[in-house]
Every structure is written in C-alpha cells, then in structure tokens.
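Protein chains: 2
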Amino acid sequence: MLDDRKKKILQAIIDEYINTAEPVSSGTIAEKYNLDCSSATIRNEMVELEKSGYLDKPHTSSGRVPSAQGYRFYVNELIKEDNISLEEIKYIQSKLETKVNEIEELTKIATNTLSEVTHYTSVAVGPKANLQNIEEVKFVLLGSRMLMAVILTDTGIVKETIIKFDEDITEEQVNILNNLFNSKLKGKPLEAIDKPLEEYIFSEMHQSLNVIKPVMLQLERAIREEDQLYLEGANKSFELPEFKSLEVAKNFINLLDTKEVMLDLLNTGFAQDINVYIGDENENEKLKDFSIITFKHRYQDKDLGTIGIIGPKRMDYSKVISVMKYISKKLNGK
Amino acid sequence: MLDDRKKKILQAIIDEYINTAEPVSSGTIAEKYNLDCSSATIRNEMVELEKSGYLDKPHTSSGRVPSAQGYRFYVNELIKEDNISLEEIKYIQSKLETKVNEIEELTKIATNTLSEVTHYTSVAVGPKANLQNIEEVKFVLLGSRMLMAVILTDTGIVKETIIKFDEDITEEQVNILNNLFNSKLKGKPLEAIDKPLEEYIFSEMHQSLNVIKPVMLQLERAIREEDQLYLEGANKSFELPEFKSLEVAKNFINLLDTKEVMLDLLNTGFAQDINVYIGDENENEKLKDFSIITFKHRYQDKDLGTIGIIGPKRMDYSKVISVMKYISKKLNGK
DNA sequence: ATTAGCACTCTTGCTTCTTGACTGCTAAAC
DNA sequence: GTTTAGCAGTCAAGAAGCAAGAGTGCTAAT
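Chains A and B supply the protein sequences, listed in that same order. The first sequence: position 66 = 64 (my numbering), numbered continuously. The second sequence: position 235 = 233 (my numbering), numbered continuously.
Quick look at the structure:
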C-alpha cells in the first residue's frame, strides 16, 4: 500500500499533468505543492511509484506521467470532495428545468449540458429494449394504406413505426389489431414481440388476417433496430493537445463513426452509479488512448438510458465525476 | 478561351492531381499522357494556364496544382462521359431495392450508398417544412394524459410529436381536436400551423378548449424544429492526405459538429440537378478548404430532401457526379 | 531519512548543407 | 513561328551537427 506522502505526491503529479499535459518533473512538484521536502526526495519517491506501476516515463530524462494504474488509484482512492462550482450548479439547474414532452429530449439536454460544463465530448444512448415493458400499443391509420404503430412503454418512451400496404386497410382491421396486440402485450417486455408470438397468433386466429404478417415484421424490426448514438461536442476534443497526434484524432473519429464500440460500452452492466473506464482497461484496442465515464440516466429509479463522456486518458476525472453525480441526482429526483 | 491542347493539359493535370495529391510537374504530364510534345512545351502552356488563373503553384520550384477556377472549368467543361462501373451500378441497384416503409429510411440508404461508392463523407437533410402540404392530422391518446399528434404530409413524411397534460384527456376531446385540425389544415402547407391560426381558433371556438393551447405550442415547435443533419462516413475523410493538416481536420469536425453551415448549404436553391460548390466559391470562410456536391432527393419530382458529399477541393468530381446522377435517377424513377 | 551537488541522458530547436525536383529562359532545330 | 534541348536558378525537404535546457539518478554529506 502507498504511504501518505506517496499518495500526496501521486495526487500532485496527476493534478499537475491534467492541467498542463506535460510530463511532470520533481522540481515542479517541490515548488508548487507544499510537501515540505526537496525535489531530491520527491525524485526518490517517484522512482518507487514508477516501480509499483503508478507512473510512467516517456524517456530517461523526462518527467513522469501517470499510468492507467495511476489514474485508477486516483479515481478510486484520491478523489474525495466534489469539484463543482456554484455557477455550474446553477447553470445545470436552469438547463434541466426545461419543460420536455419526451424523455429522449431530456436525455439530450442532459448530454448537452454535460458537454458544456465539462468541455469534453459527451455521448448518450436510450434504454435497452429488453428493459422496457409495454404499456400500450396503438395502431393509427394514415391515409388508407399506411398504418402507424405506436408503442408506449413504462419508461415513457414512445416507439413509432410505419407499415405500408398494397391494399386499403379498414377501420375494422385496425380495431382488431388494437385489441389483439393490447391484450397479448400489455405489461410484457418489448422483446415479447418475437417469432413465438407471431406463430401463436397465427395458430390462434382462424380468420386469415393478412395484415398481421407485415405488422409483426415491422414491429420486430423497430424493436431490434440498432440503438441511436447521440453525440455532443465532438469538436471540443479536437482542442485538446492529445489530438495533435493524427493517429489519436483518427482513432477518435473512427470510434464515434463506427458507433459499435461505444454502444457496447454504454450498454454494459453497471455496478456503481458512475462507471469509469480508463484507457486499456477496456480490452478493445481502439479505446486504449481514451477514457470513458458513464452513468445511467434514471428517473424514479427507472432506466432511461446511459450518458457518458469520452476524452483522453488525461481527463479531469474529478470534475467530470462531480458534474455527473450532480446531473444524475437532479435527473432522478425531478 | 482555352485552345484544345490547353484543355487537354489542364485535364491531365487535374486528373493526375486528383490521383496523387501531389503538385504535378511538366515531366509527368509529358511522360504519362500522350500529348505529343515535350515537357518544355507543356511548361510553356502551364505558364499561360497559370496566368489565366486555372493553375496555382505552391512555390517557385514546384509543380502545378489546380485552382478553384481550374476545378470549376473542369467540372463545367471537361467532364463529359459517365465515370461509373458496372459493379457500382449493380451495387447501387441492390442497395436501393431495399423495401422501406418511411422515406427518411430511403434517404438514409441512398446517403449511405453514396458514401460507400465514392469513399467520401456524405450528408443528408430532409425536405423543408414550407414545401410540404398537410394531408392528414391525427391525434392519438397514449395512456390518459399523453397525446401524440401525427402529421402526414404529401411527401409521405410523417412527423410525430407528443404533448403531455396535467389532467386526463377524454376521447371526446381527442375527436374535437381531430375534426378541428383536419378541417382547418388539410391541404395547407405545414407552415400554416402558426400564431394566426391559433388566434383564429381561439376566437372561433367559444367553448374554452384548454387543450388547444399546449397542442398548438407543441405542434409549432415540432414544425420549426431544427433540421436533422444525417452524416455518413466521416472517418473516410480522415484517410485523405489533406486531413494530415490538423488545421483542415479541425475545420472539418467543426463544420459537421456545428451543423448550421451545412444545413444552410443543403437548403439553398437548386438551379441544376447536381450542384457543385468548390472551395471558396462559398462566401463562408469555413468552407474554403472543401468542396461540396449536392442533389435533391426527388421521387416523382416531389422534393424529399437533399443529399450531398463533402470532401477536399481535390475531389474526384467526375466519379461523384456520375454516381450522384445515377442514384438520383434511380430514386426518382422508382 | 533527507538533501545538495553533479554527471549523465535525452529532447528540442536551430543552423547548415546536400540533394533532387521543377521551373523559366535562351538559343538552336524543325 | 512552334517546338524542344539544355542549363542555370530556386526552393523544399531531409540529414547532420550543435547548443541549450530540463530532468533524472546517484553519491556523499547532513
């Protein structure tokens, strides 16, 4: 375990590095941070911190840089008090007070605010389909050959999809659909719209209802449709010095453009309120230069999706975590 | 006007530059392109082409590079035949055959295909609200305190929006809304949902219908809501040599992240089928390093939005234009 | 255990030089 | 009057060398 002074030195190095993005020398620490010892002592401690894996050195005669393990220790052990100002709190409050009619809207506002306050790129994704229960299904006739299916879930999320037909649909058929799907699906998870249900309906319904097949097909498609990745402030990242490296910048764009990796990450399990992924802690090679911090958007403890920040490993973890904690609390308690 | 040989040389230089991204020397042209003259002659011609503004020179002892004017001449006068392969045609066909229920879906597929075939970043935006007429308005009750308004337009676009209330809504109120809005709005442009209409309704309806105010408010919001910019293949641009320059890369990200400039451009008037904007032809400073080529997504000559390509000025105009022409024709004739 | 002092290392920025790719011009050839 | 061979002149880009500066690690004194 690290003794008290080592902790202080590690903290000082990380704080300094987060600010300057330059390798930190023993001299700087001795000067700026009051640790009551000389640069030589700090140097000795640094050697040990490096041996234990908390620090890295770009080359022999340079200062130290935190390793992933160093950041991890910092996040787990060294961040104690909240790092959020009164102005920030007020700003977040005012943003989250906006009246919205759809929850997705609120997720977007929160994501937006998060990016504005932290100055990092933020991302969001809606709740997983398998976590939502169907509250109501409504079919609406549009014109004479288009049907809109609207599914209201218990999270308040509304999914709509449209089905086109080659022949006219009657009001009666719409009624049958409404009755059928509501009686079969109310209270069930979204995933209950599946092949077995389709087969069940077909065996049960003796009259041939040839509208059902396309309806089922389209509903299934709508449910399993790839999640949307909402992105805010991608340009903010490009102001950071680590994005001077073309390699890093390209990886970043790729990561966000492919979406897949990000969606995976945002959808993974949540032990704590706030989840921190530091660089190569993620097995995925593409993430090795970045850190991602996420939290679940909950309202009255119902899962409404995930919101996150992506940035360089040298991230202001304490600020991001504080801001997230506050936003998360506000969203849930509203 | 340019004589025949000058045209050929200009074409050769542009073709070569599009391929290599390096300033083109008189020697290369003399070697690779059969113009039956020596590099010295080509050099003489180049001097004149530069004087007339078709070519630029990065520095005294370097080869030539096309100027914006050069590209413009190339696009207007030199591109003659289609530059699209059988495989590409087949691929596009197969992609556009996908059955879709919503037109937005088709726009996305086309945008996607365009990016895949050309290897550039593509963008799309839906049709302007003021160009669409209302065909039908339907209000659907979700639960007891949520109302979903669905607007079907003559372009087949469906807009939905949700309105929440603090008290229960009755089926009767829903019926009144349906009758009222359909009788007032059928055949009118989307923009007819405005303040004057609201005032008219209020003066006409003597019974106090306190549901109407929030409905109108939300409908207006939905109509005027900022257009969505759909983006595909942003990472493809980052493979191009011009994006080695951090400055250019940052401008690109900014351009797409801000959306505003792109939306403006995609929504501007259309003289021809295909519109080409080359570098600083756009007054906007942010566009000076890029070229944008757009076309209207039309189906049976109805306007369904705009699709475009954004890339460096050194773009394969002939390929992009050919592919766009083909996609455009396919979309319209389907 | 701490620290002053110093030799050693390595980056960074600066010059200088060389190489090579092009051009533009001139004068001869067609 | 074109066209072209030939050649001097220009400039970018890369290599090499050098000096300065920042930082470390070690040793010996405190």
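We treat Cβ as the ideally placed atom computed from N, Cα and C, and that holds for glycine.
| task | Below 6 Å CB to CB, which residues in the same chain sit around residue 322/B once its five sequence neighbours on both sides are set aside? | result | 272 and 293
| Hey, is residue 141/A's beta-carbon within less than 9 Å of any beta-carbon in chain B? | yes
| message | Does the structure place the stretch 80 to 91 of chain B close enough to the stretch 37 to 49 of chain B that three or more beta carbon pairs sit under 8 Å? | response | no
| request: Buried or exposed for residue 268/B, please, with buried defined as at least 16 other CB atoms from any protein chain shown within 10 angstroms of its CB. | output: exposed
| said: Please give me, in chain order, every unbroken run of the beta strand (DSSP E) with length at least 3 that falls completely inside the stretch 82 to 133 of chain A. | reply: 119 to 123
| Among 1/A, 113/A and 302/A, which one has its Cα closest to the Cα of residue 151/A? | 302/A
| Local conformation of residue 252/B per DSSP, three classes | helix
| task | Starting from residue 216/A, find everything on chain B with Cβ-Cβ shorter than 9 Å and list it in chain order. | result | 99
| message | For residue 248/B and residue 251/A, what's the separation of their Cα atoms in angstroms? | response | Cα to Cα, residue 248/B sits roughly 11 Å from residue 251/A.
| message | Given the structure, does residue 167/A come close to the ligand NAP, in the sense that its CB is under 8 Å from one of the ligand's heavy atoms? | response | Ligands in the displayed structure: none, and consequently the ligand NAP is not present.
| request: State the beta-bridge partners of residue 289/B as determined by DSSP. | output: 276/B and 309/B
| task | Check whether the stretch 10 to 18 of chain B touches the stretch 48 to 68 of chain B, taking contact to mean three or more Cβ pairs, one atom from each stretch, closer than 8 Å. | result | yes
| message | According to DSSP, residue 297/A sits in a beta bridge with which residue or residues? | response | 300/A
| Distance, residue 81/A Cα to residue 71/A Cα | 18 Å
| query | Among all the DSSP beta bridges, which residues are the ones paired with residue 62/A? | reply | Residue 62/A pairs with 22/A.
| request: For residue 265/A, I'd like the list of residues in its chain whose CB is within less than 8 Å of its CB, leaving aside the five on either flank, ordered along the chain. | output: 123, 126, 225 and 304
| field | Collapsed DSSP secondary structure at residue 160/B in the structure displayed | value | strand
| Between the stretch 152 to 159 of chain B and the stretch 128 to 137 of chain B, do at least 3 Cβ pairs fall closer than 8 Å? | Yes, they touch.
| task | Starting from residue 110/A, find everything on chain B with Cβ-Cβ shorter than 8 Å and list it in chain order. | result | None at all; the shortest Cβ gap to chain B is about 12 Å.
| Exposure of residue 57/A, with buried meaning 16 or more beta-carbon neighbours within 10 Å | exposed
| query | Which residues of chain B have a Cβ atom closer than 9 Å to the Cβ of residue 246/A, listed in chain order? | reply | Result: empty, since nearest Cβ-Cβ is about 11 Å, beyond 9 Å.
| Whole-Å CB distance - residue 184/B paired with residue 134/B, under 8 Å assumed | A Cβ-Cβ separation of about 7 Å places residue 184/B in contact with residue 134/B under the 8 Å criterion.
| request: Return the first residue and the last residue of the beta strand (DSSP E) that residue 229/B is part of. | output: 228 to 230
| message | Suppose the cutoff is 6 Å on Cβ atoms and the five residues either side in sequence are ignored; what does the same chain contact list for residue 97/A look like? | response | none
| Taking residue 221/B as the reference, which of 178/B, 156/B and 300/B has the closest Cα? | 156/B
| request: Determine the direct distance from the alpha carbon of residue 26/B to that of residue 32/B, and round the result to whole angstroms. | output: 11 Å
| query | Does the distance from the C-beta atom of residue 276/A to that of residue 116/A stay below 9 Å? | reply | no
| Length-filtered (4 minimum) alpha helix (DSSP H) runs lying within the stretch 138 to 213 of chain B | 169 to 183 and 193 to 202
| said: Between residue 164/A and chain B, is any beta-carbon pair separated by less than 9 Å? | reply: no
| Taking all protein chains shown into account, do 16 or more other C-beta atoms lie within 10 angstroms of the C-beta of residue 198/A, making it buried, or fewer, making it exposed? | exposed
| Bridge partner(s) assigned by DSSP for residue 135/B | 149/B
| query | Using a beta-carbon distance below 9 Å, is residue 105/B in contact with chain A? | reply | Not a single C-beta of chain A is nearer than 9 Å to the C-beta of residue 105/B.
| field | Separation of residue 104/B from residue 107/A, as counted between CA atoms | value | Between residue 107/A and residue 104/B, the C-alpha separation is close to 29 Å.
| query | Quick one: what's residue 54/A bridged to in DSSP? | reply | 63/A
| Option in 310/A, 49/A, 295/A and 331/A with minimal Cα separation from residue 109/A | 295/A
| When 173/B, 142/B and 144/B are compared against residue 136/B, the one with the closest alpha-carbon | 173/B
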